[in-house]
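Peer 1: Numbering (this note's numbering), first residue to last: 59 to 188.
Glycine included, C-beta positions come from ideal geometry on N, C-alpha and C.
(1) Does DSSP classify residue 94 as helix, strand or coil?
(2) I'd like the list of long-range same chain contacts for residue 152, defined as Cβ closer than 6 Å, with 5 residues on each side in sequence excluded.
(3) My output table needs one value for residue 179: the three-state DSSP class, helix, strand or coil.
(4) Could you tell me the boundaries of the alpha helix (DSSP H) in which residue 123 lies?
(5) What residue range does the beta strand (DSSP E) around residue 187 cover?
(6) Going by C-alpha distance, which of 161, 168, 177 and 170 is nearest residue 145?
(7) From the DSSP output, which residues share a beta bridge with residue 169?
(8) Enumerate in chain order the residues of its own chain whose CB-to-CB distance from residue 124 is below 7 Å, with the five nearest sequence positions on each side excluded.
(9) For residue 112, tell me which candidate among 154, 147, 160 and 120 has the shortest Cα-Cα distance.
(10) Would you check if the distance between the CB atom of residue 186 and the CB atom of residue 158 is smaller than 8 Å?
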C-alpha cells in the first residue's frame, strides 16, 4: 500500500512538473503578443499627429535662407542659417526649402532625436537643392 501511495505521489509530482513546463512555453507567446500590441500602439501614436511644442522662423534673404527652431516658450533652441550636411557656408536657395528642412528637424525632435542631424540623403529625399 505504501508503494502504491509513493507511486501515485510521484506521478502527481511528475504531472505537475509538465504543467509548469507548458506554462513556460506559453510565456514567450504572451510576451510576443504584448510586444505586438506595443508596436501597434506606437504606430497609432505616430499616425495620429499630435501638435508639436516646437515652431520655426525662416530667416535670411533671397537665395540665402535659413531657419530657427523655437521651443514652446519661444526660446530659440536651434539657429541654422546654412544648409546642414554639406560643406561650406551656403544658405537654402528658397524659403520653401528652408521650410521643409525646419519641419523635418521638428519632426526629428518630436521623435526624440536631439540634436537632430541631417544627411545629404535626407536633403535629397526632401528634394532640397544644395
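Peer 2: In short, the structure shows the following:
(1) Reliability of the predicted coordinates at residue 94 is poor, the pLDDT of 49 falling under 50, and the value obtained from them is presented with this limitation in mind. Here residue 94 sits in helix by DSSP.
(2) Excluding sequence neighbours, residue 152 sits near nothing in its chain.
(3) Per DSSP, reduced to three states, the secondary structure at residue 179 is helical.
(4) Run containing residue 123: none in the alpha helix (DSSP H); it sits in the beta strand (DSSP E), 122-128.
(5) Residue 187 -> no beta strand (DSSP E), and no H or E assigned at all.
(6) For residue 145, the closest alpha carbon among the candidates 161, 168, 177 and 170 is that of 177.
(7) Looking at the DSSP output, residue 169 sits in no beta bridge, so it has no partner there.
(8) Excluding positions up to five away in sequence, the list reads 117, 118, 138, 139, 140, 149, 150 and 156.
(9) Selected option, being the one with the closest Cα: 160.
(10) By the CB criterion at 8 Å, residue 186 and residue 158 fall inside the cutoff.
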